[in-house]
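The numbering of the sequence shown is my numbering, which starts it at 12 and goes up by one.
Glycine included, each C-beta is placed from N, C-alpha and C at the ideal position.
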Amino acid sequence: MKRLKILFLTRDRSQQMEKSSFYLAEEMKKQCDLMLWTEDGHISKILTQIPNNPDFIFLNDFLDPRLCPKIEGLNKINIPKGMIFHDISYKIQTRKDYVKKEKIDFIFGHYRDAFMKWYPELAHRFIWLPHHVNTEIYRDFQLPKSINFLMMGAIVRHIYPLRVIMLNMMKDQPGFVYHSHPGYTVVQNINQGSLVGEEYAKEINRSKMFLTCNSIYEYTLMKYFEVLGCNTLLLAPATKEIADLGIIDGVHFVAVNRLNFMEKAHYYLTHETERITIAQNGYEMVKANHSSEIRVQQLLSNITKLLLLKS
């Protein structure tokens with residue numbers, strides 16, 4: 012089968028704290044003929060400077076200059092174009108206008124149900140691209156489970172109200188640890204001792220349980236995949252979207268809400284066999300279904316189908 016030639020318009024994310032786009036690109040290099048472009052420019056000029064004419068142009072969003080260079084002239088070319096939408100709650104109308112103005116053919120989004128709610132007129136262009144984990148980073152390091160309950164990440168009341176409640180109620184429990192978010196910045200700017208990359212994964216792996224939420228938007232956030240990928244029991248809210256990803260309450264994680272998270276946390280602290288079994292199930296499921304390798308296979312399969320529809 013012919014390898015796809017894809018032009019990926021993205022900033023260099025290799026030194027950023029949040030590396031999901033970098034991991035995606037590294038895996039794409041293995042599975043297709045990937046051409047990376049990281050600088051601002053006009054697409055017609057860019058096409059003259061790359062080694063091959065691409066089958067597909069893939070943009071890493073457009074609103075955040077840390078994610079994607081500013082590219083002009085996209086609406087003037089006939090090569091099929093797709094774009095990742097990251098924070099789909101941000102500037103919804105601006106996003107809709109850009110898709111129309113620049114003639115973006117397909118939108119790849121991490122969150123299916125929120126997208127359908129906010130962008131119903133673009134549903135026919137939507138391709139679900141859930142989060143994924145680099146299983147060389149997020150894995151079972153087999154570290155001693157020295158932390159009973161772990162929370163990590165942003166505590167912003169108007170976006171993550173359940174996390175605020177969890178932190179306030181859990182902070183005095185024996186064996187509870189909380190680490191704040193280091194910020195979305197380059198690695199060199201992160202305070203010494205902050206947990207990023209493999210150190211972040213190791214801290215998750217040290218914990219018996221990880222508590223988090225899916226925000227007011229009910230996103231299936233990256234933390235769901237990261238925690239399961241480190242063989243730690245995840246306590247977090249459930250949704251239909253999460254179930255449709257094959258992440259099942261009581262099998263791969265434990266669904267909680269603001270009324271029962273404390274009770275369930277203490278139950279699984281004392282019921283070790285159940286805790287270990289569910290964590291192991293989640294770990295195996297993420298490796299089998301949600302690795303970066305698997306996600307890129309799905310991405311390229313979708314692009315192949317889209318190109319056939321466009322031809």
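_For Ile68 and Leu20, what's the separation of their Cα atoms in angstroms?_
8 Å
_Measuring only from the beta carbon, is Lys182 closer than 6 Å to any heavy atom that is part of the ligand HEM?_
With respect to the ligand HEM, the structure shown offers nothing to examine, as it has no ligands at all.
*8 Å contact criterion, which Thr250 and Asn225 should meet: CB distance rounded*: With 8 Å as the limit, Thr250 and Asn225 qualify as a contact, their Cβ atoms being about 7 Å apart.
_Would Thr223 and Lys234 qualify as a contact pair, given that the criterion is a beta-carbon distance under 7 Å?_
A contact, by the Cβ cut-off of 7 Å.
*asked:* Give me the DSSP bridge partner(s) of Trp139.
replied: Under the DSSP definition of a beta bridge, Trp139 partners with Gly120.
*So, is Ala266 buried or exposed, given that buried needs 16 or more other C-beta atoms within 10 angstroms?*
buried
*Excluding sequence positions up to five away, which residues of its chain have a Cβ less than 6 Å from the Cβ of Cys241?*
Tyr149, Ala212, Ile215 and Asn216
*Kindly provide the ranges of any beta strand (DSSP E) runs that are 3 or more residues long and lie completely inside the region 142–168, ordered along the chain.*
If we require 3 residues or more, the beta strand (DSSP E) runs fully inside the region 142–168 come out as 158–163.
*asked:* Quick check: what's the CA-CA separation for Ala134 versus Leu320?
replied: Approximately 16 Å, taken between the alpha carbons.
*Quick one: grab the DSSP three-state call for Phe326.*
Because the chain is modelled from 12 through 322, residue 326 falls outside the range shown and cannot be assessed.
*Would DSSP call Leu74 helix, strand or coil?*
coil
_Going by the DSSP bridge assignment, what does Gly52 pair with across the sheet?_
Ile82
*Take every Cβ of the region 268–285, pair it with every Cβ of the region 100–120, and state whether three or more of those distances are shorter than 8 Å.*
no
*Would you kindly report the start and end of the unbroken beta strand (DSSP E) that includes Phe187?*
Phe187 to His190
*The alpha helix (DSSP H) with Ile289 in it runs from where to where?*
Glu283 to Asn300
*Based on the DSSP secondary-structure assignment, which residues constitute the bridge partners of Lys16?*
Asp44
*Taking just the CA atoms, how far does His53 sit from Leu232?*
33 Å
*Please report how far the alpha carbon of Ile166 lies from the alpha carbon of Leu173, in whole angstroms.*
9 Å
*How many Å lie between Glu50 and Leu35 at the Cα?*
19 Å
*Residue range of the beta strand (DSSP E) that Lys375 falls in?*
The chain is shown only over 12 to 322; residue 375 falls outside these bounds and no answer can be derived.
*Ignore the nearest five residues each way along the sequence and tell me which others in Ser303's own chain have a CB closer than 6 Å to its CB.*
Tyr34, Glu38, His143 and Asn145
*Would you call the CB atoms of Gly120 and Ile99 closer than 7 Å?*
yes
_Test item: CB-CB of Leu239 and Phe221 under 7 Å_ = Here Leu239 is not near Phe221, since their CB atoms are 7 Å or more apart.
*State buried or exposed for Tyr195, treating a residue as buried only when at least 16 other CB atoms are found within 10 Å of its CB.*
Note that Tyr195 scores a pLDDT of 44, beneath 50, so its modelled location is shaky; the value from the coordinates is reported in the next line. Classification for Tyr195: exposed.
_Restricting to Cα atoms, I'd like to know which of Tyr130, Leu15, Gly164 and Val297 is closest to Asn63._
Leu15
*Cβ neighbour criterion (16 or more within 10 Å) applied to Lys156*: buried
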